[in-house]
Every structure is written in structure tokens, then in C-alpha cells.
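Visitor:
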Amino acid sequence: MALIDYIARNPTAGVSLGGGVRKVRFARAGGGKSGGYRVIHFYAGDDDMPVFLIAVFAKNEKANLTRAEMEAVKSLGKQLADSYRSAR
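Listed below in C-alpha cells is the structure:
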């Protein structure tokens, strides 16, 4: 829950991957950030729109997203924003 609480309180935390998609490094209990988790989330910068958690993975399982995966999550972010806005 600490990870979700942190992202909810700090939606602009981490490195921008473009299009509102961000990557945050999150330390695992008993380990540092380098051995921790990567959290991919989407935040449109709109106070009325929630933060969307897209993926969480351990660095020892996957170091980074591929270029194709980055493009896919950016596309997903746009789709999430469009869908959320049209539903309101």
C-alpha cells in the first residue's frame, strides 16, 4: 500500500516517458532502489482525473521497458484520458 499511497500523493514523481506516462523507482523492503520495483503510471496533469497505475515490475525481472512497450503505454495513457473525459 505504501507504493500506491506514494503515487497518489505524488502523481508527478519519477521520470516522464512522455504523454503523461511516468516511471518511478520504488525501493523494496530490505533493498535499495536499484534492486526495487519500477512503477509505470499515467497522470494527465488534470486535478479531476485520477492517476492510473499501468504496471509494476521488479528490476531483477525486467530492467526497462522496450521501445515498443513504451509506445504502447503512451498510447494506453491517451486512451485512458480520452475514455475518462468522454465518460464525464
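Each residue of the sequence shown is one higher than the one before, counting from 11 in the working numbering.
Backbone N, C-alpha and C fix where the C-beta goes; we use that ideal spot for every residue, glycine too.
At the level of alpha carbons, what is the spacing between D56 and G30?
Guide: Taking the straight line joining both Cα atoms gives about 10 Å.
Visitor: Have a look at E105 and A65 and give me their C-alpha separation to the nearest angstrom.
Guide: Nothing about residue 105 can be reported from this structure: the residues present for the chain run from 11 to 98 only.
Visitor: Could you say which of A37, M59, D15 and S26 lies nearest to I50 if we only look at CA atoms?
Guide: Among A37, M59, D15 and S26, the Cα nearest to that of I50 is on S26.
Visitor: In chain order, what residues of the same chain have a beta carbon less than 8 Å from the beta carbon of Y53, not counting five sequence neighbours either side?
Guide: For Y53, where only same-chain residues beyond five positions count, the Cβ hits under 8 Å are P21, T22, G30, R32, M59, V61 and F62.
Visitor: Helix, strand or coil, according to DSSP, for V66 in the structure here?
Guide: The answer is strand: DSSP assigns V66 an E or B state.
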